[in-house]
Amino acid sequence: MVDILEEYIKPAVAQDGGNIAFMGYKDKIVEVQLQGACSGCPSSTMTLKNGILSILQKMLPTLVDDVVAVNG
């Protein structure tokens, strides 16, 4: 899961001046912290659901039900 975030998601987020950090995983919910330009961005919910969640569910279909942003 962390490898997928690092290899596929982090570079895309970085292109927009942001960063993403894995914070935890419990009950099929991935917790991430959005940093940099992504922190407080109005598009961050779309990024979480349409980008990060979509990729994780495609690559780990039985392990991920949701992705949520948490404060550090």
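Residues 47 to 118, numbered by this note's numbering, are exactly what the sequence shown covers, in order.
Each residue gets a CB set at the ideal place from its N, CA and C atoms; glycine is no exception.
In this text, all values refer to a predicted model and were calculated from it rather than measured experimentally.
Exclusion of the five residues before and after residue 56 leaves 65, 66 as the residues of its chain whose Cβ lies within less than 8 Å of its Cβ. Nearest to residue 108 by C-alpha distance, out of 88, 68, 73, 53, is 73. The Cβ-Cβ distance between residue 69 and residue 110 does not fall below 9 Å.
Under DSSP, residue 112 forms a beta bridge with 75.
Shown here, residue 65 sits in a strand according to DSSP, grouped into three states. For residue 80, the beta-bridge partners assigned by DSSP are 66. For residue 98, no alpha helix (DSSP H) encloses it, and the DSSP letter there is neither H nor E.
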